[in-house]
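When you read off a place in the sequence shown, starting at 1, and then add 99, the result is the number in the working numbering.
So the structure is just underneath, and the comments pick up after that.
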Amino acid sequence: MRAKRIAAVILMLGGAAHIAIADSPNVLLIIADDLGVADVNVYTTGPNAVPGNPPPTPTIDSLAAGGVLFRMAWATPVCSSTRACTYTGRYGFRTGIRSVVENNEGLPLSETILPELLGDAGYSSALFGKWHLGRSAAFGGDDAPRTAGWTHHAGVLGGIVPDYFAWNKTVDGVTSAVTNYATTENVDDALAWIAAQTGPWLCTMAFNAPHSPFHVPPSSLHTFTFGPNPTNRRMYRAMIQAMDTEIGRLLTGIGPDLANTIVIFIGDNGTPSQVTQAPYTTHKGQIYEGGIRVPLIISGPGYAGGREVLEPVMCVDLFTTIASAAGIDVSAALPGVQIDGVDLNPILTDPNAPHPRDYVFSEHQGSDPNSVENLAVSDGRYKYIEIGGAPEFYDLATDPFETTDLLPGGLSASEQAAHDALVAYLDDLLGRNACSADVNGDGLVDLTDLAIVLSTFGDGGAPAGDVDGDGDVDLTDLAILLSEFGASCN
Numbered sequence: 100m101r102a103k104r105i106a107a108v109i110l111m112l113g114g115a116a117h118i119a120i121a122d123s124p125n126v127l128l129i130i131a132d133d134l135g136v137a138d139v140n141v142y143t144t145g146p147n148a149v150p151g152n153p154p155p156t157p158t159i160d161s162l163a164a165g166g167v168l169f170r171m172a173w174a175t176p177v178c179s180s181t182r183a184c185t186y187t188g189r190y191g192f193r194t195g196i197r198s199v200v201e202n203n204e205g206l207p208l209s210e211t212i213l214p215e216l217l218g219d220a221g222y223s224s225a226l227f228g229k230w231h232l233g234r235s236a237a238f239g240g241d242d243a244p245r246t247a248g249w250t251h252h253a254g255v256l257g258g259i260v261p262d263y264f265a266w267n268k269t270v271d272g273v274t275s276a277v278t279n280y281a282t283t284e285n286v287d288d289a290l291a292w293i294a295a296q297t298g299p300w301l302c303t304m305a306f307n308a309p310h311s312p313f314h315v316p317p318s319s320l321h322t323f324t325f326g327p328n329p330t331n332r333r334m335y336r337a338m339i340q341a342m343d344t345e346i347g348r349l350l351t352g353i354g355p356d357l358a359n360t361i362v363i364f365i366g367d368n369g370t371p372s373q374v375t376q377a378p379y380t381t382h383k384g385q386i387y388e389g390g391i392r393v394p395l396i397i398s399g400p401g402y403a404g405g406r407e408v409l410e411p412v413m414c415v416d417l418f419t420t421i422a423s424a425a426g427i428d429v430s431a432a433l434p435g436v437q438i439d440g441v442d443l444n445p446i447l448t449d450p451n452a453p454h455p456r457d458y459v460f461s462e463h464q465g466s467d468p469n470s471v472e473n474l475a476v477s478d479g480r481y482k483y484i485e486i487g488g489a490p491e492f493y494d495l496a497t498d499p500f501e502t503t504d505l506l507p508g509g510l511s512a513s514e515q516a517a518h519d520a521l522v523a524y525l526d527d528l529l530g531r532n533a534c535s536a537d538v539n540g541d542g543l544v545d546l547t548d549l550a551i552v553l554s555t556f557g558d559g560g561a562p563a564g565d566v567d568g569d570g571d572v573d574l575t576d577l578a579i580l581l582s583e584f585g586a587s588c589n
């Protein structure tokens, strides 16, 4: 009976009708921590289905039934960088947040984040749950979320809740001990704040769940039974169901205002290694699909719901999409700022609108100078990866779990064309086009680079002279070098 009530409430959000986006809609952005697609029911059936053993999630299922489900949504491999992308609309190589924020690191205060942008349009804003984008004095200390631009924050400043039943909650810079279950407390706080609003609002519900520590949630929130030694996997599934239950309570508690609320549900990265299930062998922290492919569902007034989008999108797109739905022209509001996110509203309101993206991009690199740079780009079918500069290339249509790198065996003409297009896009994005032939990295394309290419000519296995990143050194590499010869890359 409860699931039916939730479904009825969610139907208020979507439907097949194609109408204009409401003026100043509220926005509820829900971020699940450490949740890949294999652990969400609606992603285990249908196009590009991922075999899995997810828990019951009737709220998320209903949200998908009435909204738009994105089959290929990418995040980054870890939490901080995904949150920075989502809140700024900018890739990590621009903001400096390419991995987990640690110690004295943080999102630069010079970055304009989503609540600041919406605040100029009359929106109040609140962040409930996890921040994890810097808490040192340079970033506002215990009041870092408000220093960054939120109107209100209640939750945790770091990356985890050490104990979901006994934890320290920070409310606008003031920290106190809490014994209420963290997932429930987050929803309690959000409902109280929403009830007090008199104008349009942006509420980000950044759950810690289902991030470790894995545990047995309150029995009222899930249907699992447990023996004396529960497995991490079983506890993880129960935590997801408990989160789903609380999301249902949140949506129901919003009441009539839900009809004028855009609801977005996304995971911040893939499933962690401790609870990853076959056929995925990759996980959180990696640039492979198991680390970056996440659930994304969007529902709201004026959106043509009850359907799926197969083309690729990225978490960075939520910034521009939310701002546009609030009536903000991002390019006019942030002149001179490179925004990487695209506006998804055209395809949300019109199923026949052209897809706004040709490629998606993800990255990961820690702040340690010795950490390895991980890059990935995809057109939805083919995926090109660089890990420490070493290239890999996959056909996700035939190999969705990335078991076979196509480069060592050679590429067909169509594969080569897709590969070259992806490499060109990545080079252009990162501003390294003019320097692709600077194989020794000294800032010049000169005789030294030519000598390296010639000395490795004909070699495979991604040698030093592999200018185009296809895994071997051939005439194409030599032609690129000659076309760039004499270029200064500084």
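For every residue, glycine included, the Cβ atom is placed at its ideal position computed from N, Cα and C.
What distance in whole Å lies between the Cβ atoms of residue j and residue i, which are believed to be in contact at a cut-off of 8 Å?
| i | j | result |
| --- | --- | --- |
| aspartate 160 | asparagine 140 | 5 Å |
| serine 235 | glycine 272 | About 14 Å separates the two Cβ atoms, so there is no contact after all. |
| serine 198 | glutamine 464 | 6 Å |
| proline 450 | arginine 406 | 6 Å |
| histidine 252 | alanine 295 | About 15 Å; that fails the 8 Å criterion. |
Cβ of residue i within 8 Å of Cβ of residue j?
| i | j | result |
| --- | --- | --- |
| alanine 358 | proline 400 | yes |
| glutamate 462 | tyrosine 222 | no |
| tyrosine 483 | proline 490 | yes |
| asparagine 285 | glycine 254 | yes |
| alanine 137 | tyrosine 379 | yes |
| leucine 134 | proline 411 | no |
| alanine 341 | alanine 308 | yes |
| valine 522 | glycine 568 | yes |
| valine 277 | tryptophan 292 | no |
| valine 408 | leucine 127 | no |
| aspartate 501 | tyrosine 387 | What sits at residue 501 in the sequence shown is glutamate, not aspartate. For glutamate 501 and tyrosine 387, yes; Cβs fall inside 8 Å. |
| proline 299 | asparagine 125 | yes |
| lysine 383 | valine 177 | yes |
| methionine 67 | arginine 336 | An answer regarding residue 67 cannot be provided, because it is not within the stretch 100 to 589 covered by the chain. |
| leucine 301 | proline 214 | yes |
| aspartate 367 | alanine 174 | yes |
| threonine 322 | proline 155 | yes |
| methionine 413 | valine 476 | no |
| aspartate 600 | serine 535 | With the chain covering 100 to 589 only, the question about residue 600 has no answer from this structure. |
| phenylalanine 227 | threonine 303 | yes |
| glycine 151 | threonine 158 | no |
Can you give the Cα-Cα distance for residue i and residue j, rounded to whole angstroms?
| i | j | result |
| --- | --- | --- |
| serine 318 | aspartate 219 | 43 Å |
| glycine 188 | aspartate 416 | 6 Å |
| alanine 281 | leucine 447 | 33 Å |
| glutamate 201 | glycine 233 | 7 Å |
| asparagine 328 | valine 315 | 11 Å |
| threonine 250 | threonine 360 | 19 Å |
| aspartate 576 | phenylalanine 584 | 12 Å |
| asparagine 279 | threonine 370 | 26 Å |
| aspartate 242 | valine 270 | 8 Å |
| valine 374 | valine 260 | 18 Å |
| isoleucine 196 | threonine 324 | 40 Å |
| asparagine 469 | glycine 248 | 33 Å |
| leucine 97 | proline 312 | Within the shown structure, residues of the chain are numbered from 100 to 589, placing residue 97 beyond reach of any answer. |
| leucine 217 | alanine 425 | 7 Å |
| threonine 547 | glycine 508 | 29 Å |
| threonine 283 | serine 179 | 23 Å |
| glycine 390 | aspartate 343 | 21 Å |
| glycine 240 | isoleucine 212 | 18 Å |
| isoleucine 339 | isoleucine 130 | 12 Å |
| serine 466 | alanine 377 | 31 Å |
| asparagine 331 | tyrosine 263 | 15 Å |
For residue i, which residues from the same chain have a beta carbon less than 7 Å from its beta carbon, with the 5 sequence-adjacent residues on both sides left out?
| i | result |
| --- | --- |
| valine 572 | Val552, Thr555, Phe556, Gly557, Asp558, Pro562, Gly564 and Asp565 |
| leucine 549 | Leu580 |
| glycine 352 | Leu290 |
| aspartate 442 | Thr419, Thr420, Ser423 and Pro455 |
| arginine 193 | Gln437 |
| histidine 310 | Asp132, Asp133 and Ile259 |
| leucine 506 | Pro490, Glu491, Phe492, Asp569 and Gly570 |
From the DSSP output, read off the bridge partner residues of residue i.
| i | result |
| --- | --- |
| serine 161 | None; serine 161 has no bridge partner. |
| histidine 321 | Histidine 321 pairs with nothing; no bridge assigned. |
| proline 490 | Glu485 |
| threonine 269 | Gly254 and Thr274 |
| glycine 166 | BP columns for glycine 166 are empty, so no partner. |
With a CB to CB cut of under 6 Å and the five nearest residues on each side skipped, what residues in its chain are close to residue i?
| i | result |
| --- | --- |
| tryptophan 230 | Pro244 and Leu256 |
| glycine 166 | Gly113, Ile396, Ile397, Ser398 and Gly404 |
| serine 582 | none |
| glutamate 485 | Leu474 |
| isoleucine 109 | At isoleucine 109, the pLDDT of 46 sits below 50, so the modelled position is not reliable and the matter cannot be decided from this model. |
| glycine 440 | Gly188, Val415, Asp416, Phe418 and Thr419 |
Might you give, ordered along the chain, the residues of its own chain that have their beta carbon closer than 8 Å to the beta carbon of residue i, omitting 5 neighbours on each side?
| i | result |
| --- | --- |
| alanine 517 | Asp478, Arg480 and Tyr481 |
| aspartate 356 | Asn125 and Ile293 |
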